[in-house]
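Trainee: All you need for the numbering used here is the position in the sequence shown, starting with 1, plus 5. Could you have a look at this structure, given as structure tokens, before my questions?
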Amino acid sequence: MSARFRTVFAVLMIGGALFAAAASPGSAAGRPGSPGDFVGTWITWWEVEGENSACRRLLVAPENGSRLDGMWSAPGWNGLVHGTVGQTGEGLVWHGEWRGASSAGRFRLVLGGAGSASDRFQGTYTTTGGSARALAWNGVREVPGRTPRVPCGWEE
């Protein structure tokens with residue numbers, strides 16, 4: 006399967022899921038504290054060698070029940086995330102696996118944790134075969150017409 010086909014297929018699947026979630030009046034996106042709170046477009050950045058990465062748009066779509074899929078665009082290969090959402094004492098937590106062009110690992114993102122607005126998440130990721138140390142992965146919801154302050158820049 007070619008890389009171009011995988012990219013087009015992933016975009017179509019996520020786009021279709023986002024459309025279905027938005028069109029469904031009983032979708033989870035309307036209930037506070039549900040997996041649907043993560044659905045949408047996020048501006049994200051993560052820690053790389055002690056510094057923040059470039060900004061990336063993370064598109065998140067519902068898969069089934071408490072499971073979500075996401076994708077971010079990156080040179081060479083689109084990054085993919087897949088995991089389960091659950092309510093904890095910290096807030097709404099999405100955890101699972103991520104995969105990029107040359108690495109993969111696990112992630113844990115907390116939406117609306119202590120001192121955090123519900124349009125932001127704070128979390129961590131680890132790299133399989135890399136350091137066992139958890140690195141920061143954060144994001145803010147992208148809302149048309151608003152430009153959030155973020156500690157990352159877009160690649161040219």
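All residues carry an ideal CB built from backbone N, CA and C; glycine is no exception.
Could you say which of W99, N57, S108 lies nearest to G81 if we only look at CA atoms?
Mentor: Considering only alpha carbons, the answer is S108.
Trainee: When the distance is taken between beta carbons, is A139 closer than 8 Å to T152?
Mentor: Taking 8 Å as the Cβ cut-off, T152 and A139 do not qualify as a contacting pair.
Trainee: Measure the alpha-carbon distance for S136 versus V53 and round it to whole angstroms.
Mentor: Answer to the nearest angstrom: the Cα atoms are 12 Å apart.
Trainee: Note the first and the last residue of the continuous beta strand (DSSP E) segment covering T93.
Mentor: Residues 84-93.
Trainee: Using the beta-carbon count (16 or more within 10 Å), is T133 buried or exposed?
Mentor: Exposed, since its Cβ has fewer than 16 Cβ neighbours within 10 Å.
Trainee: Quick one: grab the DSSP three-state call for D42.
Mentor: Three-state DSSP puts D42 in a helix.
Trainee: I'd like the list of long-range same chain contacts for E147, defined as Cβ closer than 8 Å, with 5 residues on each side in sequence excluded.
Mentor: Closer than 8 Å at Cβ, skipping near neighbours: G45, T46, W47, I48, R62, P153.
Trainee: Going by CA-CA distance only, name the one from V98, Q92, V86 that's closest to F126.
Mentor: F126 has its Cα closest to that of V98, out of V98, Q92, V86.
Trainee: Apart from the five residues just before and just after G105, which ones in its own chain have a Cβ nearer than 7 Å to its Cβ?
Mentor: Correct list, in chain order: A79, W82, G84.
Trainee: Are there any heavy atoms of the ligand ATP lying less than 7 Å away from the beta-carbon of G96, as far as the coordinates show?
Mentor: As for the ligand ATP, it is missing from this structure, which has no ligand bound.
Trainee: Less than 7 Å between C-beta atoms, sequence neighbours within five positions excluded: which residues of the same chain meet that for C157?
Mentor: Here the set comprises W50, N57, S58, A59, C60.
Trainee: Tell me G110's beta-bridge partners as DSSP assigns them.
Mentor: Partner(s): W103, T132.
Trainee: Pop quiz: G41 and P67 are said to be a contact at Cβ under 8 Å. What is the actual Cβ separation, rounded to whole angstroms?
Mentor: So it is a contact: roughly 6 Å between Cβ atoms.
Trainee: Let me know if W159 comes out buried or exposed under the rule of 16 or more other beta-carbons within 10 Å of its beta-carbon.
Mentor: With fewer than 16 other Cβ atoms within 10 Å, it is exposed.
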